[in-house]
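Comments concern the structure below.
Residue numbers (the numbering used here), protein chains in the order written: chain G, 49 to 762; chain S, 49 to 762.
Dropping the structure here:
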């Protein structure tokens with residue numbers, strides 16, 4: 049009996065040992081970016097589809113990183129279940145990332161499954177923008193290059209034979225309460241479970257600091273996206289059943305009332321069939337698309353078309369794609385095998401010839417996330433067991449589908465040398481270079497704010513859209529957040545009138561406008577005008593995203609990784625280099641704001657605050673809850689109603705703190721990729737000895753910015 | 049280009065073909081139970097641990113089943129991702145099962161992942177009582193014998209090359225609304241995705257009708273559980289920090305106030321350490337366990353002990369189990385490898401010698417479900433990537449852990465020839481013979497009711513516990529449901545006083561009783577007395593569960609599988625052969641009840657109702673919302689305060705409808721397994737010519753039931 053016991057345990061030890069995979073290969077991919085390969089890595093990974101080249105010069109100009117562990121300390125093991133990766137973790141480290149997480153921010157101590165999903169509850173890691181990528185405040189990032197459904201245990205496991213786990217005198221609680229209290233022991237490492245894999249690639253991004261890690265990540269993926277400049281204005285999506293005349297009428301409403309707007313988005317009914325999609329104009333709704341687009345252009349609007357990628361039998365794309373799609377249908381439509389470049393090409397060519405050449409400025413690429421639900425005979429997406437001609441399976445296709453759909457559509461614009469700003473429902477890693485804003489049907493304002501922060505750890509652009517609201521206060525608070533985000537989107541796909549005229553859905557559609565509709569319209573105009581004033585600053589922040597990899601929207605911990613007060617601060621964020629935003633939600637009349645080290649100015653009152661402390665602010669519904677960092681030159685433009693290639697911004701430079709300081713603006717044509725060939729200007733702003741000066745350098749002819757005035761805030 | 053396209057597609061077809069596994073083997077396991085095997089099935093499956101033998105005679109006495117398809121129509125295919133099983137599905141079929149589902153009932157059209165989980169939101173199939181088993185109203189059941197995480201697409205997928213999917217003229221909606229409307233096409237089959245498997249066993253249970261399928265399933269697993277008769281009384285769990293004297297005081301409260309109660313459950317603090325567990329009495333709380341148990345026995349109480357299976361370093365079980373546990377710890381405790389019989393033996397022997405022989409009547413086996421969450425350094429369970437000495441991995445162990453834990457503890461009682469009624473937090477398939485009631489922290493009353501129905505499709509016992517409440521109405525409605533369920537459990541683990549004296553947690557613990565506490569106590573006593581009156585009827589229903597496999601609690605569709613009105617009826621259920629329960633929840637003052645074919649009597653008013661129709665009922669808070677089927681002889685006992693082996697029930701037989709009719713009661717010692725050797729009586733009740741008669745047959749000496757009176761309800 050005893051003997052039997054021992055031999056079973058010995059067998060177990062042997063099994064454990066056989067689990068270990070000793071051979072791993074390290075490749076240096078770029079400055080501060082290493083790849084560890086073990087076993088037989090998968091073919092269909094996020095990085096396999098990243099065709100953008102690393103921005104080598106920018107990468108090389110970052111300070112040298114330093115890992116807090118040796119690469120050899122990353123353990124990779126394989127067995128018949130899959131691959132396990134174990135990465136060292138220091139007791140004091142804070143972890144962030146895993147994509148566009150909704151409910152969580154600091155990931156330390158959590159179990160996270162970054163799996164693509166349309167309606168992620170439970171806070172288990174599901175999101176429509178997952179990445180298998182996390183970063184540490186100790187200045188490094190780890191990316192598991194897989195599209196399999198993966199689980200990360202972020203310092204939340206304890207191993208039987210791990211000294212850390214067992215040698216410490218453990219205080220066992222004898223109740224759940226005590227268990228919760230007794231929660232300060234740092235155990236384990238980061239353990240990654242990748243079932244089904246036969247090998248893996250682990251990408252290690254060095255710092256030295258947290259922001260440098262994200263810079264390396266974004267630069268490695270080709271640099272951050274630079275949207276068409278008009279994309280930084282206001283996007284408004286009209287009601288789903290609007291016909292050509294109704295859309296034009298809506299466009300006229302904006303111009304007549306001088307409410308800024310750059311893009312109108314057209315919803316499903318522009319097509320002859322939408323679930324699944326035909327990609328053919330429905331002539332009863334839009335009798336003359338060319339005339340329609342021309343009219344819109346005349347009025348200064350870009351047109352964005354809603355679609356998804358599931359191809360209806362009624363579509364001209366059906367026959368060409370029938371042999372290039374998965375073996376399951378979604379709503380009766382084909383699921384194109386976007387993992388195959390020829391398939392992407394067919395889809396792209398059709399869209400190019402039919403829409404992009406016609407003048408369509410962008411698309412909303414919907415339904416490319418997966419769903420838990422199925423109802424009746426309609427599965428909301430394809431099963432994980434699906435097979436595609438390229439060899440990819442449904443699970444991996446789910447993780448990559450949004451990424452590949454973006455790539456397919458973005459490539460059309462790229463090769464046409466036209467810039468765009470897309471909407472996309474799902475994404476993944478290495479998407480930094482795609483100018484596509486994620487959106488979601490979930491509508492929790494607190495989560496929407498958290499996602500702004502998390503987007504900065506993910507190389508993603510997040511668009512917290514505004515639809516209906518519970519109250520005018522709710523509406524205005526949501527609108528403030530929208531104006532302070534990467535895309536300002538009002539999605540009225542089920543609203544006859546703009547929500548600022550009636551926040552209630554039923555009344556809105558019955559044409560019963562609020563008594564104070566005009567007042568609220570005035571208020572929203574103020575917010576939109578602020579957004580338009582901010583366009584040059586935002587555009588330059590996006591240029592920094594592209595050329596330096598700095599996320600334009602990011603958590604405070606990225607700029608202040610040593611400040612413990614920022615570790616769990618998930619409702620404040622940086623915009624560009626000098627603005628700190630602290631949005632309020634419906635239930636707040638005031639809120640607590642933490643200002644990190646330095647001097648800060650309340651944008652609304654110009655009051656000066658000492659950093660390293662908490663303050664309470666009470667911005668009104670038309671004020672922006674933002675602070676400006678001392679030393680910032682904030683260039684604010686006289687608001688235009690929309691941006692054209694010829695738009696010239698008349699700018700006032702606000703100098704915060706009367707010290708010698710510099711700022712800069714990025715100047716190019718705003719709509720082509722010519723900046724990639726150096727065809728742009730850097731407009732350097734200099735404040736010195738109580739005087740402002742500008743210095744323009746670069747090869748772009750003409751100017752976009754006219755510096756009208758300098759004003760010191762002190 | 050064209051050529052390339054074709055060859056890719058040909059390659060795809062070849063790949064598709066290579067997916068198919070043609071060789072499957074069929075074995076007849078018992079009358080109407082077939083097993084299809086393909087590939088290399090897993091070692092660690094639910095059935096692999098079912099040691100109960102099929103009840104062959106009972107199985108053979110069921111009417112012969114008839115499948116609506118050929119066994120060969122079940123397609124099993126394997127590839128490098130895993131195994132896919134496809135089972136035919138008729139357009140009109142309704143599907144049920146997948147274990148103790150919380151949010152869903154009719155599974156037709158859903159995507160279901162029956163995965164063990166402590167707090168299953170989203171309605172994706174997660175539950176603490178999953179089974180990979182579903183039944184069809186066409187009279188068959190399918191069980192995928194796996195403990196891997198599996199997904200079922202229940203007629204919610206459409207295949208590209210499936211005639212059904214593509215040939216129909218499909219009405220594409222061009223909006224989400226139309227998509228929802230256009231939902232009447234029956235597509236696909238049942239497709240089962242079992243990633244990681246290299247082979248599979250599919251168990252097919254024949255009918256001919258739905259109830260027969262469940263009978264076969266339960267009989268095949270050894271017959272349904274017959275709890276100790278005292279288990280059908282009231283169970284009350286005391287506050288977690290009660291010491292010996294406080295528990296005794298609570299026992300005295302019940303007896304002094306004549307409130308029926310059979311079992312007191314003791315919460316974590318009876319142990320020296322509980323998170324993880326020591327399984328050692330904490331002498332500061334329970335200075336003399338033997339005297340305590342004796343006192344409780346004197347007062348007519350059974351003692352049930354809370355524990356979980358994660359073994360603290362402070363436990364005497366730690367050293368013996370250290371080499372027989374998984375390689376990850378939970379709360380610093382070992383995870384015993386319950387897949388290994390020697391390990392189960394060590395755990396069981398300790399419990400037997402330390403507790404069962406001491407007189408402990410049962411255990412509450414907590415925390416054996418998995419959790420999504422981890423917080424700080426504490427993972428709420430072991431990772432899926434865990435390895436155990438037996439060779440099972442963490443994923444499969446999770447699915448089986450509750451099942452194996454039950455088996456470990458139940459086996460102690462079985463070999464001691466003592467019956468019990470356990471509480472368990474997780475279960476799986478083939479658990480029919482375990483007298484263990486599942487419970488859950490989720491507290492949605494509607495879900496609790498739905499789970500009573502779903503338990504009948506799962507071979508599980510479900511206990512919708514009562515804790516705190518929003519209102520007295522809420523409390524009474526919950527109590528009614530508890531009284532009308534398989535175990536009546538009041539779980540006051542965080543309440544100083546019984547909830548009927550104070551429903552509010554804070555006030556309860558501050559000792560502030562409600563003004564009308566005594567009135568509510570009177571009301572609850574009425575409900576408890578009804579429960580005690582029902583014990584003989586319930587006990588006989590459980591005997592039918594054991595000997596005939598008929599679930600004592602079950603959905604109406606099981607008795608009326610042809611009645612469309614029952615297909616989605618998820619808030620009414622049958623208790624035994626003649627009672628229909630239609631519980632109300634907090635917000636209801638009245639409710640709609642559907643009565644199926646036949647004549648029914650309102651239990652409270654004796655009003656007669658014609659079946660096949662809907663009615664509205666308004667039972668008060670102390671009335672039971674039940675209907676009795678015409679032809680039922682309902683034996684109701686004079687309520688006792690607790691059940692002992694010597695208890696004699698004084699019974700009135702209520703005859704519903706003055707026709708010649710029969711009923712029966714099961715009579716045995718109530719506490720041993722001697723009934724398995726035939727040591728029991730059948731007490732047949734006969735109403736004929738306005739006169740009642742009883743006929744006792746069997747080898748049990750002595751009687752438990754004294755029929756005092758017959759009363760006709762007409």
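Every residue, glycine too, gets a C-beta built ideally from N, C-alpha and C.
Report yes if the CB atom of residue i is closer than 7 Å to the CB atom of residue j, and no otherwise.
{"i": "residue 96 (chain G)", "j": "residue 84 (chain G)", "result": "no"}
{"i": "residue 395 (chain G)", "j": "residue 416 (chain G)", "result": "no"}
{"i": "residue 308 (chain S)", "j": "residue 580 (chain S)", "result": "yes"}
{"i": "residue 710 (chain S)", "j": "residue 574 (chain S)", "result": "no"}
{"i": "residue 438 (chain G)", "j": "residue 385 (chain G)", "result": "yes"}
{"i": "residue 129 (chain S)", "j": "residue 243 (chain S)", "result": "yes"}
{"i": "residue 689 (chain G)", "j": "residue 646 (chain G)", "result": "no"}
{"i": "residue 622 (chain S)", "j": "residue 258 (chain S)", "result": "no"}
Take residue i and list the residues in its own chain whose beta-carbon comes closer than 8 Å to its own, dropping the five residues that flank it on each side.
{"i": "residue 81 (chain G)", "result": "102, 107, 251, 252, 253, 254, 264, 268"}
{"i": "residue 341 (chain S)", "result": "351, 406, 407, 408"}
{"i": "residue 329 (chain S)", "result": "318, 319, 320, 337"}
{"i": "residue 726 (chain G)", "result": "746, 747"}
{"i": "residue 213 (chain S)", "result": "Residue placement at residue 213 (chain S) is poorly supported in this model, since its pLDDT is 44, which falls under 50; the coordinates are not used for a value here."}
Have a look at residue i and residue j and give me their C-alpha separation to the nearest angstrom.
{"i": "residue 469 (chain S)", "j": "residue 684 (chain S)", "result": "22 Å"}
{"i": "residue 100 (chain G)", "j": "residue 236 (chain G)", "result": "36 Å"}
{"i": "residue 748 (chain S)", "j": "residue 717 (chain S)", "result": "8 Å"}
{"i": "residue 499 (chain S)", "j": "residue 591 (chain S)", "result": "21 Å"}
{"i": "residue 16 (chain G)", "j": "residue 305 (chain G)", "result": "Any answer about residue 16 (chain G) is impossible in this case: the structure gives chain G only from 49 up to 762."}
{"i": "residue 518 (chain G)", "j": "residue 397 (chain G)", "result": "44 Å"}
{"i": "residue 181 (chain S)", "j": "residue 402 (chain G)", "result": "49 Å"}
{"i": "residue 91 (chain G)", "j": "residue 248 (chain G)", "result": "10 Å"}
{"i": "residue 138 (chain G)", "j": "residue 366 (chain S)", "result": "29 Å"}
{"i": "residue 493 (chain G)", "j": "residue 389 (chain S)", "result": "52 Å"}
Shortest alpha-carbon distance to residue i belongs to which of the options?
{"i": "residue 351 (chain G)", "options": "G:312, G:712, G:433", "result": "G:312"}
{"i": "residue 643 (chain S)", "options": "S:664, S:632, S:624, S:637", "result": "S:664"}
{"i": "residue 169 (chain S)", "options": "S:454, S:490, S:464, S:466", "result": "S:490"}
{"i": "residue 715 (chain G)", "options": "G:240, G:660, G:274, G:79", "result": "G:274"}
{"i": "residue 77 (chain S)", "options": "S:93, S:742, S:104, S:91", "result": "S:104"}
{"i": "residue 656 (chain S)", "options": "S:541, S:675, S:639", "result": "S:675"}
So, at 7 Å on beta carbons, what are the nonlocal neighbours of residue i in its own chain, with the 5 sequence-adjacent residues on each side left out?
{"i": "residue 399 (chain S)", "result": "457, 460"}
{"i": "residue 289 (chain G)", "result": "317"}
Using a Cβ-Cβ cut-off of 6 Å (strictly less than) and excluding sequence neighbours within five positions of residue i, which residues of its own chain qualify?
{"i": "residue 142 (chain G)", "result": "154, 156, 185, 615"}
{"i": "residue 561 (chain S)", "result": "549, 550"}
{"i": "residue 514 (chain G)", "result": "526, 527, 530, 538"}
{"i": "residue 744 (chain G)", "result": "729, 731"}
{"i": "residue 522 (chain S)", "result": "634"}
Within 6 Å: the Cβ of residue i and any heavy atom of the ligand HEM?
{"i": "residue 638 (chain G)", "result": "You won't find the ligand HEM in this model; it holds no ligand whatsoever."}
Legend entry - Any 3 or more C-beta pairs closer than 8 Å across the region 351-365 of chain S and the region 317-328 of chain S: yes
Inset, instruction - For the region 550-563 of chain G and the region 691-707 of chain G, state whether three or more C-beta atom pairs, one from each stretch, are separated by less than 8 Å. - result: At 8 Å Cβ cutoff, the stretches do not touch.
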